[in-house]
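Below you'll find the structure, written out as structure tokens, and then a few comments.
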Amino acid sequence: MEGAGLATTVNRLGAPFPAANSGLRWRRVNLRAGDWRPKSPMGDAWKPGSVRAQKSDSEEKSSPVFGDSLANSVEVSQWESGYSYNDIAARQGITIRRRPLTGPPHHYVGPFEFRLENEGNTPRNILEKIVWNKDVEVKQLKQKKPLVALKNFIDYAPPTRDFIGALRQSYTRTNMPALIAEVKKASPSRGVLREDFDPVRIAKAYEAGGAACLSVLTDEKFFQGSFENLEAIRNAGVQCPLLCKEFIIDAWQLYYARVKGADAVLLIAAVLPDLDIKYMTQICKILGLAALVEVHNERELDRVLGISGVELIGINNRNLETFEVDISITKKLLEGERGEIIRQRDIIMVGESGLFTPQDIASVQEAGVRAVLVGESLVKQDDPTKGITELFGKDISA
Numbered sequence: 001m002e003g004a005g006l007a008t009t010v011n012r013l014g015a016p017f018p019a020a021n022s023g024l025r026w027r028r029v030n031l032r033a034g035d036w037r038p039k040s041p042m043g044d045a046w047k048p049g050s051v052r053a054q055k056s057d058s059e060e061k062s063s064p065v066f067g068d069s070l071a072n073s074v075e076v077s078q079w080e081s082g083y084s085y086n087d088i089a090a091r092q093g094i095t096i097r098r099r100p101l102t103g104p105p106h107h108y109v110g111p112f113e114f115r116l117e118n119e120g121n122t123p124r125n126i127l128e129k130i131v132w133n134k135d136v137e138v139k140q141l142k143q144k145k146p147l148v149a150l151k152n153f154i155d156y157a158p159p160t161r162d163f164i165g166a167l168r169q170s171y172t173r174t175n176m177p178a179l180i181a182e183v184k185k186a187s188p189s190r191g192v193l194r195e196d197f198d199p200v201r202i203a204k205a206y207e208a209g210g211a212a213c214l215s216v217l218t219d220e221k222f223f224q225g226s227f228e229n230l231e232a233i234r235n236a237g238v239q240c241p242l243l244c245k246e247f248i249i250d251a252w253q254l255y256y257a258r259v260k261g262a263d264a265v266l267l268i269a270a271v272l273p274d275l276d277i278k279y280m281t282q283i284c285k286i287l288g289l290a291a292l293v294e295v296h297n298e299r300e301l302d303r304v305l306g307i308s309g310v311e312l313i314g315i316n317n318r319n320l321e322t323f324e325v326d327i328s329i330t331k332k333l334l335e336g337e338r339g340e341i342i343r344q345r346d347i348i349m350v351g352e353s354g355l356f357t358p359q360d361i362a363s364v365q366e367a368g369v370r371a372v373l374v375g376e377s378l379v380k381q382d383d384p385t386k387g388i389t390e391l392f393g394k395d396i397s398a
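full-length UniProt numbering numbers the first residue of the sequence shown as 1 and each following residue consecutively.
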């Protein structure tokens, strides 16, 4: 059954390179600027040089888009050898399946609908459930808004703001972790966090309280977010750079986020194999987007540290399979050799989830983070601006 599914996944491909949601096997080529000549799996959605078209002429002449290190990587060799997505993911410790192995669980006999559940079509945890839903959602969106249309909109989109630069400046100014404050209405584990949810008002309150950047949930089904919220905040004149907090599984989503006003995107190592992360971070650089690569354990952090060019790594203290939180995870992951590598490379580490008090902030700062992403403890406050002061134990807006 799996083989049959892989035979059709090329039609879902959102990029001219073997991404994790494809079963594509391909010939080795030198992926330098202008060299890539794919057969477009989506008609006009991808044409030869479509990635190249995002770069200026001067950039085109001076640097490769995808260098030999990507083309000759271990993962590419695995694709060439015929390994399936699940094989490659399993080798990297990824347990989240991209889509049901045996098709959707709904079956129809005449006017009746039946749900036949088995291990192959039933998500094993909430993250897998979200990813399966996102796979269907993105496929539908791509049909309505093909990449060629998004590229036209990008030409008229405002320039991106320096997300990483804003974090560095805030850390230097306050000598405390820079705040990425999250605009978030609900979560699968907590339900609705704020009934009187006004994303623009909350964003402006965060900015007034000293937030360096904002994170905006865009997933609708599980977090009651939307890209309309992201656009509204951007168009309201909020100066803080914006992170599109989405479950990204397809390169098409990077372009969509850019069109909607994002300055940065989230890439989750628990979902994306190394080849996808490498490829997507390259696309982000082309689009001017920062990439926050999120990890949850030692193996994921080791994988991400093995990818060149990563500048921003988030440690999520929440287990995305069980949604349990333990802030000691941050300290555990930043101890020893890993922490030394991170300091040498000047990577900004972001502490995420479970941060409610000044003591929590101090704890993760001592562990080595230079930024924190906080949502629930702020968005539930009647006055989010005051909530930031209480979280940090002092006013960080000055």
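Ideal placement from N, C-alpha and C gives every residue a C-beta, glycine not left out.
Asked, Found
"Quick check: what's the CA-CA separation for D360 versus P100?", "39 angstroms"
"For a test of the three-state rule: what should DSSP assign to E195, helix, strand or coil?", "coil"
"With C-beta atoms as the reference, is L214 less than 7 angstroms away from A178?", "no"
"Measure the C-alpha to C-alpha separation of D135 and K221 and round it to an integer number of angstroms.", "13 angstroms"
"Note down, one range per segment and in chain order, each beta strand (DSSP E) of at least 3 residues found wholly within the stretch 258-338.", "264-268, 290-295 and 312-316"
"With H, G and I counted as helix, E and B as strand and the rest as coil, what does DSSP make of G49?", "Low confidence applies to G49: its pLDDT is 30, below 50, so where it sits in the model is not reliable, and the reading given next is rough at best. Residue state, collapsed to three classes: coil."
"On the DSSP bridge assignment, give the partners of V350 in chain order.", "G314 and A371"
"Do S170 and A205 count as a contact pair if the criterion is CB distance below 7 angstroms?", "no"
"From the DSSP output, which residues share a beta bridge with A178?", "A371"
"Tell me whether S308 is buried or exposed, calling it buried when 16 or more other Cβ atoms sit within 10 Å of its Cβ.", "exposed"
"Determine whether the beta carbon atoms of A264 and L289 lie at a separation below 7 angstroms.", "yes"
"Write down the C-beta distance between K185 and G225 rounded to the nearest angstrom, noting that I regard them as a contact closer than 8 angstroms.", "6 angstroms"
"Between the Cα of T160 and the Cα atoms of L287, F392 and I348, which residue gives the shortest distance?", "L287"
"Find out if the Cβ-Cβ distance for the pair A149, P241 is shorter than 7 angstroms.", "no"
"Run the proximity test for A186: is its beta-carbon closer than 6 angstroms to any non-hydrogen atom belonging to the ligand ADP?", "Ligands in the displayed structure: none, and consequently the ligand ADP is not present."
"In terms of residue numbering, what span does the beta strand (DSSP E) encompassing S215 cover?", "C213 to L217"
"Just checking, does the stretch 183-197 make contact with the stretch 372-392 on the three C-beta pairs under 8 angstroms criterion?", "yes"
"Can you check whether the CB of V131 is closer than 7 angstroms to the CB of V271?", "yes"
"When you compare only the Cα positions, how much space is there between R258 and I164?", "16 angstroms"
"At which residues does the alpha helix (DSSP H) containing K245 begin and terminate?", "Looking at the DSSP string, K245 is not in any alpha helix (DSSP H); the run it does join, the beta strand (DSSP E), is L242 to K245."
"Keeping to the same chain, check which residues put their C-beta closer than 6 angstroms to that of E397; ignore five residues upstream and five downstream.", "Residue identity differs from the one stated: residue 397 is Ser in this sequence, not Glu. So the list reads G209 and G210, once near-sequence residues are dropped."
"Do you know how far the Cα of F197 is from the Cα of E324?", "25 angstroms"
"At a cut of 8 angstroms, does the stretch 384-391 reach the stretch 337-353 through at least three beta carbon pairs?", "no"
"Could you compute how far the alpha carbon of L333 sits from the alpha carbon of I327?", "11 angstroms"
"Taking only three categories from DSSP, how would you classify N72?", "Caution applies to N72, whose pLDDT of 49 falls short of 50 and renders its modelled position unreliable; the model cannot decide the point."
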